[in-house]
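Sequences listed follow chains A and B, in order.
Numbering of the first sequence is given in this note's numbering, commencing with residue 1405 and proceeding in unit increments.
Numbering of the second sequence is given in this note's numbering, commencing with residue 2 and proceeding in unit increments.
Heads up, the thing below is written out as structure tokens.
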Amino acid sequence: MIEVTSDAIDAETLKGTLANAGAGGFCSFEGWVRNENEGRTVERLEYEAYEPLVITEGNRVLAEARQRFPYLEAKCVHRTGLLEIGEMAVWVGVASPHRDEAFKACRYIIDELKVRLPIWKKEHYVDGDSGWVNCERCADHGRH
Amino acid sequence: MSATAKTITVRYFAMFREHAGLGEETLSLNVTTAKDVFEQTRLRHGSKEPNGHCKVAINDEMADWSSPVNDGDTVLLFPPVAGG
């Protein structure tokens, strides 16, 4: 299950929702807002998402992960709106019978989410400038 | 390219919305594929972004650039994504 929210992510509460008596391992990934990107000092980030397709495509990713690395429970939550340095932008949690599936499924989910979901990130820099990540630069340089 | 104009609603996101200055518009376009919609709206709004890293959806379903577009379709143009 995947969710999009404009509210702060509460990792402990989310972790609790994945409790399963058959789970012997739990793995989570948290993506945090960093103060630097490619040499520029970032003041805050702004996330935009197209929720209907984030849900559809995100649930497809979770299903793929379950097929490859059978897990018991998994959840992902992604923030939208303005985020300050240190805030959590994304949370992925996986509970499985053994640790191997939990680690691998968690890694698969975050890797696929980053490249497949219609979510965009705008960096606001301390110098007042701003830019969409992966956009202007690849247009300017003719490459990704 | 078809000689018959189709009525297509185009939705722009993130950088594309900023380039276009609007989030959505309904246009009469001579188009066959999603790629045609991308190229024609790109020219219309002076966007420099190539489609290589972009994605497209038609009527809320992820699509390919070669997917056909039909009269009345809504085409969603997604600039390079950057979640996480």
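Glycine included, every Cβ here is placed at the ideal spot set by N, Cα and C.
Computed from a prediction, not measured in an experiment: that's the story for all the values here.
Item, Value
"With a floor of 4 residues, list each alpha helix (DSSP H) that falls wholly inside the region 7-64 of chain B, ordered by position along the chain.", "15-21 and 35-46"
"Measure the Cβ-Cβ separation of B:Val38 and B:Val76 and say whether it is below 8 Å.", "yes"
"Can you pull the chain B residues whose beta carbon is under 8 Å from the beta carbon of A:Ile1514, in chain order?", "Gly85"
"Quick check on the DSSP output: the beta strand (DSSP E) that includes A:Ala1412 runs from which residue to which?", "Premise fails: A:Ala1412 is in no beta strand (DSSP E) and is neither H nor E."
"So, is A:Gly1546 buried or exposed, given that buried needs 16 or more other C-beta atoms within 10 angstroms?", "Confidence in A:Gly1546 is poor, its pLDDT being 37 and thus under 50, which makes the residue's placement too unreliable to answer from."
"Within a Cβ cutoff of 8 Å, which residues of the same chain sit near B:Ile59, ignoring the five residues on either side of it in sequence?", "Ala35, Ser68, Val70, Asp74, Thr75, Val76 and Leu77"
"Note the first and the last residue of the continuous alpha helix (DSSP H) segment covering A:Ile1523.", "A:Ile1523 -> not in any alpha helix (DSSP H); beta strand (DSSP E) instead, spanning Ile1523 to Tyr1529."
"Measuring straight from C-alpha to C-alpha, what distance separates A:Ala1506 and A:Tyr1475?", "7 Å"
"Give every residue of the same chain whose Cβ lies closer than 8 Å to the Cβ of A:Lys1419, excluding the five residues on either side of it in the sequence, and list them in chain order.", "Phe1430, Ser1432 and Gly1497"
"Mind checking A:Val1530: buried by the 16 CB within 10 Å criterion, or exposed?", "exposed"
"To the nearest angstrom, how far is the alpha carbon of A:Glu1468 from that of A:Gly1426?", "21 Å"
"Going by DSSP, name the residue or residues bridged to A:Lys1479.", "A:Gly1497"
"Is it buried or exposed for A:Leu1487, if we count other Cβ within 10 angstroms and need 16 for buried?", "buried"
"Does B:Ala21 come within less than 8 Å of chain A when only Cβ atoms are used?", "no"
"A:Asn1439 CB to nearest chain B CB: under 8 Å?", "no"
"Quick one: residues in its chain with C-beta nearer than 6 Å to the C-beta of A:Arg1503, no 5 flanking neighbours on either side, listed in chain order?", "Gly1429"
"What does the alpha-carbon distance come out to for the pair A:Glu1434 and B:Asn31?", "46 Å"
"Would you list the one or two residues that DSSP bridges to B:Pro69?", "B:Thr34"
"Please list the partners that B:Val79 has in chain A, where partner means a Cβ-to-Cβ separation under 9 Å.", "Val is not the amino acid found at residue 79 of chain B; the sequence shown has Phe there. Correct list: Tyr1454, Leu1457, Pro1522 and Trp1524."
"Of all the CB atoms in chain A, is at least one closer than 8 Å to the CB of B:Ala58?", "yes"
"Going along chain A, which residues have a C-beta under 8 Å from B:Asp61?", "Pro1456, Leu1457 and Thr1460"
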